[in-house]
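Data block below; observations after.
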Amino acid sequence: MSGCRCVNGTVLWPTLREAAVVHRGRGPFRIAVLGAQGVGKTAIVQRFLHDDYNEVKVPSKSRRVHLSAAVLNGHVHDLQITDYPAISRFPISTLQEWTDICCRGIRSAHVYILVYDICCFDSFEYIKTMRQQILET
Numbered sequence: 238m239s240g241c242r243c244v245n246g247t248v249l250w251p252t253l254r255e256a257a258v259v260h261r262g263r264g265p266f267r268i269a270v271l272g273a274q275g276v277g278k279t280a281i282v283q284r285f286l287h288d289d290y291n292e293v294k295v296p297s298k299s300r301r302v303h304l305s306a307a308v309l310n311g312h313v314h315d316l317q318i319t320d321y322p323a324i325s326r327f328p329i330s331t332l333q334e335w336t337d338i339c340c341r342g343i344r345s346a347h348v349y350i351l352v353y354d355i356c357c358f359d360s361f362e363y364i365k366t367m368r369q370q371i372l373e374t
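If you read the sequence shown in the numbering used here, its first letter stands for residue 238, the second for the next number, and so on.
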């Protein structure tokens, strides 16, 4: 996957540094966390935001928006991290995005974090499909 950075089963696309250059501080830096069900999206977000890990798995039924801040390239950026449940298809239009409550705001993300389970080939195929759908829209 060119233009991506893969770290322990998590694919960052585009890289955070590339997205920060494009963003230039206009509103919150929007990050969408996507992946198949059960791959640990929520656990990654919780670990990043609260330095906490809960071994009890609770499937996400709806999207969750988290607000935070981070320093990148010497600048403080407001972050809006949205943890999305598994979706069947990336929305191809704004109408489709806003019709499905789980997908609201997904197309306006600056960065997509695509998460997969390194022990589950299907979860990797899922994010490959998501990435292709993102590129096509």
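Every residue, glycine too, gets a C-beta built ideally from N, C-alpha and C. Just so it is clear, the structure is predicted and the values come from calculations on it, not from any experiment.
Under the DSSP definition of a beta bridge, Gln317 partners with Arg267, Leu304. Per the coordinates, the alpha-carbon of Ser345 lies some 13 Å from the alpha-carbon of Arg263. About 6 Å separates the Cβ atoms of Gly272 and Leu351, confirming a contact at the 8 Å cut-off. With a cut-off of 8 Å on Cβ pairs, the segment 286-304 is not in contact with the segment 352-370, counting fewer than three such pairs. Counting C-beta pairs closer than 8 Å gives fewer than three between the segment 323-338 and the segment 305-314, which falls short of the contact rule. The beta carbon of Ser305 lies closer than 6 Å to those of Leu286, Leu316 in the same chain, with the five residues before and after it left out.
Bounds of the beta strand (DSSP E) holding Ile350 are 348-352. DSSP lists Val352 as the bridge partner or partners of Gly272.
Taking the CA atoms as reference points, Ser299 sits about 19 Å from Arg284.
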